[in-house]
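The structure under discussion appears below in the form of structure tokens.
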Amino acid sequence: MELNYDWKSFQSFFYPKKRISPNESNSTGPIYLVVEERIVVSAFSEGDDLSDWIGATRDEVTAEHLQRDLIFYDRDKVDQCMNSAIGLPHYFDQTQLIREESKPHFVGRARLKNHEAWVKKNFLLQTIQGWWQKIFPSRYGLYIHLAGEHQTSQLLLVIQRGKVNSFHVPDLSSMIRERREHPSDVIKHLSSKYLLPVQGLFVTASEWSQWSEDATPWPKILKALQANKNKLVPYKWSLAILIRIKAYFGI
Numbered sequence: 080m081e082l083n084y085d086w087k088s089f090q091s092f093f094y095p096k097k098r099i100s101p102n103e104s105n106s107t108g109p110i111y112l113v114v115e116e117r118i119v120v121s122a123f124s125e126g127d128d129l130s131d132w133i134g135a136t137r138d139e140v141t142a143e144h145l146q147r148d149l150i151f152y153d154r155d156k157v158d159q160c161m162n163s164a165i166g167l168p169h170y171f172d173q174t175q176l177i178r179e180e181s182k183p184h185f186v187g188r189a190r191l192k193n194h195e196a197w198v199k200k201n202f203l204l205q206t207i208q209g210w211w212q213k214i215f216p217s218r219y220g221l222y223i224h225l226a227g228e229h230q231t232s233q234l235l236l237v238i239q240r241g242k243v244n245s246f247h248v249p250d251l252s253s254m255i256r257e258r259r260e261h262p263s264d265v266i267k268h269l270s271s272k273y274l275l276p277v278q279g280l281f282v283t284a285s286e287w288s289q290w291s292e293d294a295t296p297w298p299k300i301l302k303a304l305q306a307n308k309n310k311l312v313p314y315k316w317s318l319a320i321l322i323r324i325k326a327y328f329g330i
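FYI, in the numbering used here the residues of the sequence shown are 80 to 330.
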């Protein structure tokens, strides 16, 4: 039986952790802090151990990290967001709500930017939740297949009205092994099994990683698809045109 929400796989695709060696510190990245009556109760920055700052005052942290961007969240507001998130169906929706409603305070260079600038969004999730949802079916599947040097990774998203409804690694064990090697057969199998149209994206893990780290990946995506149309299964001209528009105009 398949789980509707395979968060571990979802996170590995869309929010992978940065690989930082034990001796390496991300000394330039932003620091996120939760404060209660100006006392730090939680602190995080990718690759840094900030446990010594728990219990310090907000002013002490600010004075020590003058060259860092500090993002403060009030404990009361965080608790309110957490309570509101309980009623949402899965962890992805919960994190989205917290990011949108937490209303942090900025100190440092971040003061000149809004919260969205510090919330990294995956290029694909951001797009399917944008105006493209008005063109796509009300309910469809998005199958992503990443071919790596040593292993492949796959994930099936069910999108409903522009929102991620469920996500899991699909079970293809009922398919004949030879058919699993043909993308079109895999898509037909998934469409039949889940009774919904499925769009497949078959790319290498290195391509996916480059696109995910790029602030403007769509020109590269368009170039890759023009070089090999088999990356989109089925290949639809309507989708190809949308990707072209996204690459040229950013919309």
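Cβ coordinates follow ideal geometry from the N, Cα and C atoms, glycine included.
Next item on the list: Pull up the distance between the alpha-carbon of S317 and that of L167, whole angstroms please.
Entry: Working through the sequence shown from its first residue, we reach residue 317 at position 238. Working through the sequence shown from its first residue, we reach residue 167 at position 88. Using only the alpha carbons, I get a separation of about 33 Å.
Check: Straight-line CA distance for A164 to F171?
Finding: What you label residue 164 is simply residue 85 of the sequence shown in a count that begins at 1. What you label residue 171 is simply residue 92 of the sequence shown in a count that begins at 1. Spanning the two alpha carbons is a distance of roughly 10 Å.
Check: Are at least three pairs of beta-carbons, each pair with one atom in the region 221-234 and one in the region 289-303, less than 8 Å apart?
Finding: no
Note to self: Please tell me whether P109 and R147 are closer than 8 Å, where the distance is taken between their beta carbons.
What the structure shows: Stepping through the sequence shown from its first residue, residue 109 is reached at position 30. Stepping through the sequence shown from its first residue, residue 147 is reached at position 68. In contact: P109 and R147 (Cβ atoms closer than 8 Å).
Next item on the list: Just mark Q305 as buried or exposed, buried being the case when its beta carbon has 16 or more other beta carbons within 10 Å.
Entry: If you number the sequence shown from 1, residue 305 lands on position 226. Exposed.
Next item on the list: In the DSSP assignment, find the unbroken beta strand (DSSP E) run with T231 in it and report its ends.
Entry: Stepping through the sequence shown from its first residue, residue 231 is reached at position 152. Element bounds for T231: 231-239.
Next item on the list: Please work out which residues of its chain come closer than 7 Å, Cβ to Cβ, to R258, disregarding the five sequence neighbours upstream and downstream, and give them in chain order.
Entry: The residue you call residue 258 lines up with position 179 of the sequence shown. Setting aside the 5 residues that flank it on each side, R258 is surrounded in the same chain by D264, each with a C-beta closer than 7 Å to its C-beta; the list follows chain order.
Next item on the list: Counting only runs of 4+ residues fully inside the region 249-286, write out the alpha helix (DSSP H) ranges in chain order.
Entry: 256-259, 262-273
Note to self: Can you confirm whether the region 218-229 touches the region 275-283 when touching is taken to mean that 3 or more C-beta pairs between the two stretches lie within less than 8 Å?
What the structure shows: Between the region 275-283 and the region 218-229, the count of Cβ pairs shorter than 8 Å is three or higher; the stretches touch.
Next item on the list: Use the C-beta contact count for P183: other C-beta atoms within 10 angstroms, 16 or more gives buried, fewer gives exposed.
Entry: Residue numbering aside, residue 183 sits at position 104 when the sequence shown is read from its first letter. Burial call: buried.
Check: In angstroms, rounded to a whole number, what distance separates the CA positions of E286 and E116?
Finding: For the purposes of this step, residue 286 is taken as the residue at position 207 of the sequence shown. For the purposes of this step, residue 116 is taken as the residue at position 37 of the sequence shown. Distance between the alpha carbons of E286 and E116: 46 Å.
Notebook entry, point to check: Around the C-beta of Y327, are 16 or more other C-beta atoms found within 10 angstroms, so that it is buried, or is it exposed?
Noted result: Residue 327 sits at position 248 when you count from the first residue of the sequence shown. Exposed, because fewer than 16 other Cβ atoms sit within 10 Å of the Cβ of Y327.
Notebook entry, point to check: Measuring CA to CA, which of Q90, N83, G329, S88 is closest to W210?
Noted result: Locating residue 210 in the sequence shown gives position 131, counting from the first residue. Of the candidates Q90, N83, G329, S88, the one whose C-alpha sits nearest the C-alpha of W210 is G329.
Check: Using DSSP with H/G/I as helix, E/B as strand and the rest coil, what is I322?
Finding: By 1-based counting over the sequence shown, the position of residue 322 is 243. If DSSP states are grouped into helix, strand and coil, I322 belongs with the helices.
Notebook entry, point to check: F123 lies in the beta strand (DSSP E); which residues open and close that run?
Noted result: Along the sequence shown, one-based indexing puts residue 123 at 44. Where F123 is concerned, the enclosing beta strand (DSSP E) stretches over 118-123.
Checklist line | Buried versus exposed call for I320 [16 or more other C-beta atoms within 10 Å across all chains shown] | finding: Here residue 320 refers to the residue found at position 241 when the sequence shown is read from its first residue. By the C-beta density criterion, I320 is exposed, having fewer than 16 other C-beta atoms within 10 angstroms.
Notebook entry, point to check: For L274, does the count of other Cβ atoms within 10 angstroms reach 16, so buried, or fall short, so exposed?
Noted result: Within the sequence shown, the letter at position 195 stands for residue 274. By the neighbour-count rule (16 or more Cβ atoms within 10 Å), L274 is not buried but exposed.
Next item on the list: In angstroms with no decimal places, state the Cα-to-Cα distance between S252 and L221.
Entry: Looking up residue 252 in the sequence shown gives position 173. Looking up residue 221 in the sequence shown gives position 142. Cα atoms of S252 and L221: separation of roughly 19 Å, rounded to the nearest angstrom.
Item checked: Pairwise C-alpha distance: K310 and Q159 -> Against the sequence shown, residue 159 aligns to sequence position 80. Against the sequence shown, residue 310 aligns to sequence position 231. Roughly 43 Å separates the two Cα atoms.
Next item on the list: Ignoring anything shorter than 3 residues or poking outside the region 148-178, list the beta strand (DSSP E) runs there in chain order.
Entry: 149-153
Notebook entry, point to check: In whole angstroms, what is the alpha-carbon distance linking P276 and F215?
Noted result: Mapped onto the sequence shown, residue 276 falls at position 197. Mapped onto the sequence shown, residue 215 falls at position 136. One C-alpha to the other measures close to 10 Å.
Margin query: Are the CB atoms of I266 and G241 within a distance shorter than 8 Å?
Written below: Taking the sequence shown and counting its residues from 1, one reaches residue 241 at position 162. Taking the sequence shown and counting its residues from 1, one reaches residue 266 at position 187. The answer is no: Cβ separation not under 8 Å.
Item checked: Residues that F185 bridges to, as DSSP identifies them -> Translated into the one-based positions of the sequence shown, residue 185 becomes position 106. Beta-bridge pairing links F185 to I150.
Margin query: Which of the three DSSP states is assigned to K315 in this structure?
Written below: The count along the sequence shown starts at 1 and reaches residue 315 at position 236. K315: coil per DSSP, three-state reduction.
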